[in-house]
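Student:
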């Protein structure tokens with residue numbers, strides 16, 4: 668689970684992490700904080716997700732030690748290979764579809780997931796506008812994980828139904 672709360676100061680973000688992290692970790696769910704490597708470490712998160720403008724992989728790794736470090740690579744094979752070679756625990760590609768959660772820097776095609784999964788063992792995440800209705804081609808192409816913010820919270824049958832549907836799709840159903 669990635670905690671991505673833009674616009675909060677570090678104190679407010681730390682308070683949010685203190686509420687969200689414990690129940691997730693009790694259920695065996697890794698909790699990653701978006702954009703804030705040092706705060707991720709300080710608040711007991713399992714790792715951090717960084718974008719290309721959020722500092723270097725090396726700085727993130729120093730901050731979280733053995734924790735998880737994931738890196739957004741947009742639609743770039745070069746950025747993904749560089750992140751993988753540096754030691755990233757996963758790479759994220761996208762946006763695959765229009766999204767309201769941020770202004771995408773690039774539009775990615777499912778082919779990049781297929782390319783990555785054929786050549787590398789490091790997991791890849793598909794991001795950007797992903798819903799239950801549009802995710803199957805991404806899973807078929809090789810996405811190991813899906814970033815599904817609006818796909819869960821805006822699902823017409825509610826978040827629980829969305830999570831159940833995503834689980835079925837990820838399991839091949």
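Numbering (the working numbering), first residue to last: 668 to 840. Glycine included, every Cβ here is placed at the ideal spot set by N, Cα and C.
#1: Helix, strand or coil: how does DSSP classify residue 714 here?
#2: Kindly indicate which three-state DSSP category residue 759 falls into: helix, strand or coil?
#3: On the three-state DSSP scale, how would you describe residue 812?
#4: Only counting the same chain, and skipping five residues up and downstream in sequence, which positions put a Cβ closer than 6 Å to that of residue 668?
#5: Thinking residue 718 and residue 739 are a contact (beta carbons under 8 Å), I'd like their distance in whole angstroms, please.
#6: DSSP three-state label for residue 699, please.
#7: Are residue 758 and residue 750 closer than 8 Å when you measure CB to CB?
#8: For residue 679, count neighbouring Cβ atoms within 10 angstroms of its own Cβ and tell me buried if that reaches 16, exposed if not.
Tutor: Reading off the structure:
#1: strand
#2: strand
#3: strand
#4: 691, 696 and 698
#5: 4 Å
#6: strand
#7: It is a contact, given that the beta carbons lie within the stated cut-off.
#8: exposed
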